[in-house]
Amino acid sequence: MNTITCGDRTAVPLYSCKDHVHNTWEIIYQAQGTAIESIAGQDSQAAEGCVTVIPAGLYHHKTSHEGFLDLWIQANDLPFPDVPFSVSDADGSILRLTELLIRTLISRETDYEIIADGILDVICMLIRKNMQDTVRYPFVDALKTVIYNNISNPDFDLHTAIAQSGFHPDYFRRCFKEKTGQTPLAYLTKLRVNKAKMLLAESSFAGVADAALKCGFHDSFYFSTCFKKAVGCSPLQYRKSLSGAEGSSEMQNKS
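Numbering (the numbering used here), first residue to last: -12 to 242.
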């Protein structure tokens, strides 16, 4: 059996994973959130849907301000170059297969080892296919990094960043959406809203205007509009819902 073990996403988001190493290959699927992965001293961004392949013997760790959830597979031998790399799972097919692999190994039903190795083979085929897409659209990954580095910058101009790529804006947006499933603006807004949710959960929360500025919005009204569209409630309502949940938990503990 090639698949050694695998792990499901945790019940609550993680904010760090300490530096460690394996004597097997590892495939890590970023199921939720955005994080910085450090592999053999090299840092890179891991956004939702990112699939990272790490050869045996390389120390790696992960950190995140907003929290992340991931799934992982460890195997003795994988058909990839002996260097770490990442691809995007735009259509979610690798995620679905990874979840199926985890269920197969947990259930241990008849012929589960053969089935697990078969699922892993298909996952590797999809990763190889997506490696070709990564080579095809390297400018998309470049913009994702620029966006991540400017989440808190209210003066960041997405249109200028796209224009600097040298590609026609319409072509660039079409490639970006094909690879990520979102437009560049939707991608940026999602990252900023995720950061806002983290700020609203902090006890030192200073107000909507402050949260808006720290998440790259000059206009707190526009920030509230974007937040409500993404989350389904206003920033203050979201903040109150967190306080209510904490209060309810405290009451239960006291009782």
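Note that beta-carbon positions come from the ideal geometry of N, C-alpha and C, so glycine has one too.
Range covered by the beta strand (DSSP E) that runs through residue i
i, result
"E13", "12 to 19"
"Y195", "What sits at residue 195 in the sequence shown is Val, not Tyr. Where V195 is concerned, there is no enclosing beta strand (DSSP E), although the alpha helix (DSSP H) it sits in stretches over 195 to 201."
"D64", "Careful: D64 lies outside any beta strand (DSSP E) and carries neither H nor E."
"L1", "1 to 7"
"E24", "22 to 26"
"A(-2)", "Taken as a continuous stretch (DSSP letters only), A(-2) belongs to no beta strand (DSSP E), as it is neither H nor E."
"A292", "There is simply no residue 292 to check, as the chain begins at -12 and stops at 242 in what is shown."
Limits of the unbroken alpha helix (DSSP H) element including residue i
i, result
"C220", "From DSSP, C220 is part of no alpha helix (DSSP H); its letter is neither H nor E."
"D157", "156 to 167"
"T176", "171 to 187"
Residue burial classification, residue i (beta-carbon count within 10 angstroms, cutoff 16)
i, result
"H47", "buried"
"E237", "Bear in mind that a pLDDT of 44 at E237, under 50, signals an unreliable position, so the model cannot answer this."
"D128", "buried"
"T97", "exposed"
"K116", "exposed"
"E53", "buried"
"T212", "exposed"
"T132", "exposed"
"F55", "buried"
"S3", "exposed"
"S94", "exposed"
"E189", "exposed"
"P222", "buried"
"G203", "buried"
"P68", "exposed"
"N181", "buried"
"I101", "exposed"
Spatial distance of residue i from residue j (CA atoms)
i, j, result
"A198", "I134", "18 Å"
"L175", "T147", "14 Å"
"P156", "G44", "42 Å"
"S230", "L187", "10 Å"
"V195", "F210", "9 Å"
"K241", "S228", "Because K241 sits at a pLDDT of 43, beneath the cut-off of 50, its placement in the model cannot be relied upon, and the following sentence gives the value as read from the coordinates. If you take the alpha carbons of K241 and S228, they lie about 20 Å apart."
"Y99", "T11", "20 Å"
"A193", "L88", "45 Å"
"C162", "Y124", "7 Å"
"Q239", "P0", "At Q239 the pLDDT is 45, less than 50, meaning the model places this residue with poor confidence and gives no usable figure here."
"K184", "S191", "13 Å"
"S75", "L200", "30 Å"
"K49", "P71", "14 Å"
"Q151", "Q19", "29 Å"
"D30", "K5", "14 Å"
"Y208", "D144", "A quick correction: the sequence has Phe, not Tyr, at residue 208. Rounded to whole angstroms, F208 to D144 spans 19 Å at the Cα level."
"F119", "Q224", "Here residue 119 turns out to be Gln, not Phe, going by the sequence shown. C-alpha separation (whole angstroms): 44 Å."
"E35", "G219", "20 Å"
"D(-5)", "H7", "18 Å"
"P141", "H205", "6 Å"
"G234", "R226", "Only weak support is given to the placement of G234: the predicted model assigns it a pLDDT of 46, under 50, and the question is left unresolved by the model."
"A217", "A173", "10 Å"
"E165", "F159", "10 Å"
"T167", "L130", "12 Å"
"V109", "I41", "18 Å"
"F126", "F154", "9 Å"
"G105", "E86", "14 Å"
Assumed close pair residue i, residue j - CB separation to whole angstroms, cut-off 8 Å
i, j, result
"A(-2)", "Q17", "About 17 Å separates the two Cβ atoms, so there is no contact after all."
"A62", "I(-9)", "6 Å"
"N(-11)", "D57", "Not confirmed; about 21 Å, so no contact."
"R83", "I138", "Incorrect: roughly 29 Å between the Cβ atoms, too far for contact."
"S80", "L113", "6 Å"
"A22", "S51", "4 Å"
"P66", "C111", "6 Å"
"W59", "E24", "Actually they are not in contact, since the Cβ atoms of W59 and E24 sit about 12 Å apart, beyond 8 Å."
May I have a chain-ordered list of the alpha helix (DSSP H) segments no shorter than 4 residues that lie completely inside the stretch 66 to 145? 80 to 94, 99 to 123, 125 to 136
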